[in-house]
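Residue numbers (the working numbering): 9 to 265.
Right under this line is the structure:
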């Protein structure tokens with residue numbers, strides 16, 4: 009694949025040379041839309057993006073995996089329901105649950121796939137207003153100790169784009185209470201709940217903190233001048249999403265928070 013020039017490379021982040029050895033796999037399914045954006049975010053953070061195809065039977069030597077957004081298999085049956093059975097997903101599930109605890113990030117459709125795969129609890133259903141929603145969204149970081157949030161502070165508010173039609177996160181009250189008690193609510197919507205998600209939940213993690221899923225799109229907020237600015241003085245800069253990718257790279261190379 010011919011690479012597009014990294015327009016914002018010089019101003020997005022001063023990448024550390026030691027991070028270049030970290031290999032982050034980006035999965036493409038039929039219907040995936042944001043794989044190139046996710047790969048670009050990995051490169052802007054300083055890592056090496058590795059293309060992965062849904063029909064692959066091996067993960068290869070990747071250090072982490074991003075399952076990006078889109079409409080895998082047209083969202084037939086349920087969003088993510090068919091993609092969950094792709095050959096590569098069995099490898100991702102095994103690696104995420106192994107002693108090595110492979111870091112996995114699911115963004116939007118990727119979050120839906122993670123719930124369908126039971127790597128994360130709960131489910132995603134149609135937005136409560138039954139319309140596609142696209143907006144810049146303020147999020148509050150509730151847990152800064154996952155593999156994907158180490159470069160944030162608990163309580164920090166960030167602004168990233170959101171775009172979905174099946175973005176309402178639901179779970180039974182027992183599951184929701186457990187997520188709250190165990191600190192596994194990683195992101196919460198601030199100011200406006202765009203889809204009716206229970207308890208304003210925008211993203212969660214597994215118990216180990218290596219698997220994180222969220223509906224908003226951090227990969228669309230990684231370049232100065234090309235991302236959302238703060239909303240009414242709330243949130244941060246247009247590179248607020250870059251911390252997801254620098255966080256996992258730092259964890260992979262053994263850096264400290």
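The beta-carbon is built from N, C-alpha and C at its ideal position, and this holds for glycine as well.
- For the alpha helix (DSSP H) assignment, the uninterrupted runs of no fewer than 4 residues enclosed by the region 69 to 123 are, from N- to C-terminal side, 95 to 105.
- Residue 259: not part of any beta strand (DSSP E); member of the alpha helix (DSSP H) spanning 250 to 260, first to last residue.
- With fewer than 16 other CB atoms across the displayed protein chains lying within 10 angstroms of its CB, residue 84 is exposed.
- Distance between residue 28 and residue 65, taken at the CA atoms: about 25 Å.
- Contact between the region 114 to 134 and the region 218 to 233 is established, with three or more Cβ pairs separated by less than 8 Å.
- Burial is judged here by how many other beta carbons sit within 10 angstroms of a residue's own beta carbon; residue 124 has at least 16 and is buried.
- In the pairwise beta carbon analysis, the region 144 to 161 is classified as touching the region 247 to 259: at least three pairs are separated by under 8 Å.
- C-alpha of residue 185 to C-alpha of residue 179: approximately 10 Å in a straight line.
- When Cβ pairs closer than 8 Å are counted between the two stretches, the region 142 to 150 is seen not to touch the region 98 to 111, the count staying below three.
- For residue 71, the number of other beta carbons within 10 angstroms of its own is at least 16, and it is reported as buried.
- Uninterrupted beta strand (DSSP E) stretches at least 3 residues long and entirely within the region 116 to 175 occur at 131 to 133, 141 to 149 and 165 to 172, given in chain order.
- Of 90, 48 and 51, the smallest CA-CA separation from residue 62 is found for 90.
- In this chain, residue 198 is not harboured by any alpha helix (DSSP H), its DSSP state being neither H nor E.
- A residue is called buried once 16 or more other Cβ atoms fall within 10 Å of its Cβ, and residue 95, having fewer, is exposed.
- Annotation for residue 57: no alpha helix (DSSP H) segment contains it, though the beta strand (DSSP E) segment containing it runs 56 to 61.
- Taking one beta carbon from each stretch, the region 193 to 207 and the region 49 to 59 have fewer than 3 pairs nearer than 8 Å; the two do not touch.
- Of all alpha-carbon atoms in 128, 209, 177 and 203, the one lying nearest the alpha-carbon of residue 149 is that of 209.
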